[in-house]
Structure formats: structure tokens, C-alpha cells
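A.B. asks: Have a look at this one before I ask anything.
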Ligand code: P1T
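Residue numbers (my numbering): 175 to 573.
Pasting the structure below:
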């Protein structure tokens, strides 16, 4: 099927998919076999062993490749530059294997706590990465850091987790290209529905597919996508060599989630915008961070960079700082009913959490303080329940 003229909503359902030639099944079978029969040693149908080749995983990987716009054909690469892993961190860790030991590495200062831990507490020693954390949402600081450090790789999240900073992907990727650095964008919060980093000059996209892509809080998975065939081939080698692949059952769940990504994102964005505005007017809330608000420092970049159905769209994540510090935020988090107090995000159900104690506890305290991840800061993942019900829940918990 030619994909060039299809709307992203249609691609969520049909991108990279075809009905089963044998039975006509519209969803791919879950191929559980760990191995495949060979007619003669080395003579087979392209499938040898399920870590290396699995048709259910390929179907999900192709869906992601199409949504991220890799532009790689199936004849060139079986999953068109999309690769699925057993978690978001497994995808990230495999991506880091592209680097020589001792490489210089620039990381966005605000990233998921687990990404920070993987870099600081694992790869800084095991791979000897020389890591600089930089506020890449400040264009002059980003350019300065890239020019002076000449890193091998630049890693950013936009919107970032949890302070929702926005990075101008095209500007950073252009600077990175000048020094020959690879630009990697963690696109978990925006999803390919709102932002396509490869089209803006990034080399690799990473996702925690556990979040919006899966969408139902019932699967842990990770994804990489690239539009460079050479990188796709190297990442495929690493995916097999390191081995942290996504299993067939989880690939099926992730593919099922992907089908409804567009409709879910519409509702997430609409509700989050309303809730962010409502929170901004609430006397117990000292600050609301949401890229769709005029008060957001990079609102203009977000408006340029993030869209859905041709209109600006800012995602389903909101960060708020409550008056009254830890006591107030603890009481609030204990009082919510519809919002579930839990780590993770991006599911159909609304979640809420306290990053300093929960998702970002592994970020060094001084770094947390510098980023403003303090005791009053709470993070909301706005689900797709009726918006007024969510506002009523927040209202009773705040009051
Ligand atoms: O949890 P896992 O699937 O391994 O994904 C890691 C990861 C990577 N990138 C971003 C931006 C993330 O938010 C995450 C995971 N985040 C959470 C669990 C959380 O609650 O923030």
C-alpha cells in the first residue's frame, strides 16, 4: 500500500500492515514459535530464530516506522527502520551501544529518572561515557555546548519529563550535524501524532512504548526508529546481538494500542488544555507547566513544532506546583479518586505522581533542585475520561 497520501489517523491502523495471505486475518497472528524449520542447513524462509526474526514483532515495528516517517522500504529492511524492545530503557540502552567507549555525550538536563540513572550510574562507568547535562531548551546554550564538546551523540526529550521543557529539534539537530553528532529524540510524551523528529533532522527516535503507544497500561515496551538505512542495519544487528527484543504477545498488544493512537491523542490534548487552564486559575496552585499555556517559556516553539490534524497540540502531560510543599502535595495525592497515584503515563486512565519521590528519585538531589523538581511538584497524565469528571476530582482533592 502506498502511504504517501494517507492521513496519520489512517496510518495508525493500516501503516505497514497487510491482511494475512493464508487466512485473510486482519490482525497478524501471534507467532509464538521460538524457532523455524530449515529445509537444509542455512536454507529457510527468512526466519531462523525468534530473537532475530519474528513476524508479529515486525508488524508492530513497521507500524512505528510508518508513523515516524522513516521512509525506509520493506525491501531494504524487514521492519522499515523500526525496532521494538522489551522496555523503553532497553531501547535506550541498545541505542547507546552505537557509541564507542569513552565517547562524549550531551544529554538534555531534564530526562526521565531511569534514563538519567542508566547514563550516570551505568554507562558512565561501564562504557566510560563522558556525559554533559545541558539545558537544550535554551538555543544559545545548546549551540555553545555542542560546539565546545563536539559530542558523538545528543540525547533529548521534548516535552521533557517531568518539567515539560520544549527543545527546538530542528535547531539542535542542525548544530549536531555540523560536528557529526547523532541526534536522538525521546518522543514518548509527544508521540508521532504530534511531532516527528526524523522530519526535523533527528537521526533516531526512541519511545517508551509503555506509554501512549501501548496506551492501556498493560504492556512494557520500547521502540527505536531511524530514517538512515545504515543506522537501521546497525541497530538491527545490536537488537539481535544484545537481545532485549519485544516478545510476540507484547508486540501484539503494542500494535493493538497503536491503532487507536490518533483518537486517544485528540482527547488527551483537548482535556489537558482545559485542565491546565483550570489549574492555572486555582488559588492552591502556584505554577502550572503546560506547553499549550502562554505562560510556558517555550510556548512558541511548541506551537511551531507540535500539531495534530493541522492545529497546534501540546500533549496530555501537565506539571503543577502546589502551595504548601510536601504536606499539601501528599494530602492532595492521597485524596484523588479518578486520578490514580502511580508511576507511568500515557494510558487511557488518568494517573498522577510525585516525581521527587517516585519517577525521578534516582536523579541526584542537587540536579533535582536545579531543575525545580521539588516537594510541591506533581505530574498529571490526563487520560481520556470525561474532562469535567477529572476536574471535579482534582477540585475535591485540592479543596
Ligand atoms: O519504562 P520504560 O518503558 O523502560 O521507559 C523508560 C522511559 C523512557 N523515556 C521516557 C520519556 C519515559 O517517561 C520513560 C518511562 N517513564 C516512566 C515510567 C514515568 O513514569 O515517567
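Glycine is no exception: its CB is placed at the ideal position from the N, C-alpha and C atoms.
For the ligand P1T, any of its heavy atoms closer than 6 Å to the Cβ of residue 337?
C.D. replies: Residue 337: no, Cβ never under 6 Å from the ligand P1T.
A.B. asks: Residue 574: which of 210, 358 and 342 sits nearest, CA to CA?
C.D. replies: Nothing can be reported for residue 574, as the shown portion of the chain is limited to 175 through 573.
A.B. asks: Is the closest heavy atom of the ligand P1T to the C-beta of residue 507 under 6 Å?
C.D. replies: no
A.B. asks: So for residue 396, helix, strand or coil by DSSP?
C.D. replies: strand
A.B. asks: Extract the residue ranges of the beta strand (DSSP E) inside the region 382 to 427, only unbroken runs of 3 or more that lie entirely within it.
C.D. replies: 396 to 400
A.B. asks: Skipping 5 residues on each side, what residues in its chain have a beta carbon closer than 8 Å to that of residue 251?
C.D. replies: 403, 406, 407 and 410
A.B. asks: Provide the residue(s) that pair with residue 486 in DSSP beta bridges, ordered along the chain.
C.D. replies: For residue 486, which the question treats as bridged, DSSP gives the partners 481.
A.B. asks: Output the residue ranges of the alpha helix (DSSP H) runs that lie fully inside the region 198 to 273 and measure 4 residues or longer, sorted by chain position.
C.D. replies: 229 to 242 and 262 to 270
A.B. asks: Could you tell me whether the region 469 to 489 touches the region 363 to 372, using the rule of 3 or more Cβ pairs below 8 Å?
C.D. replies: yes
A.B. asks: Can you grab the Cα-Cα spacing for the pair residue 551 / residue 501, in whole Å?
C.D. replies: 12 Å
A.B. asks: Using 7 Å as the threshold, is the C-beta distance between residue 344 and residue 310 below it?
C.D. replies: no
A.B. asks: Say yes only if the C-beta of residue 520 is nearer than 6 Å to one or more non-hydrogen atoms of the ligand P1T, and no if none qualify.
C.D. replies: no
A.B. asks: Cβ of residue 388 versus every heavy atom of the ligand P1T: is any distance shorter than 6 Å?
C.D. replies: no
A.B. asks: For residue 513, name the three-state secondary structure that DSSP assigns.
C.D. replies: coil
A.B. asks: Start and end of the alpha helix (DSSP H) containing residue 461?
C.D. replies: Looking at the DSSP string, residue 461 is not in any alpha helix (DSSP H); the run it does join, the beta strand (DSSP E), is 459 to 463.
A.B. asks: Quick one, which of 303, 318 and 194 has its alpha-carbon nearest residue 272's?
C.D. replies: 303
A.B. asks: For the alpha helix (DSSP H) containing residue 553, name the first residue and the last one.
C.D. replies: Not the alpha helix (DSSP H): residue 553 falls in the beta strand (DSSP E), residues 551 to 555.
A.B. asks: What separation, rounded to the nearest whole angstrom, lies between the Cα atoms of residue 222 and residue 385?
C.D. replies: Approximately 31 Å, taken between the alpha carbons.
A.B. asks: Are residue 279 and residue 313 closer than 7 Å when you measure CB to CB?
C.D. replies: no
A.B. asks: Return helix, strand or coil for residue 532, following the three-state DSSP convention.
C.D. replies: coil
A.B. asks: Out of curiosity, what's the CA-to-CA distance linking residue 181 and residue 241?
C.D. replies: 10 Å
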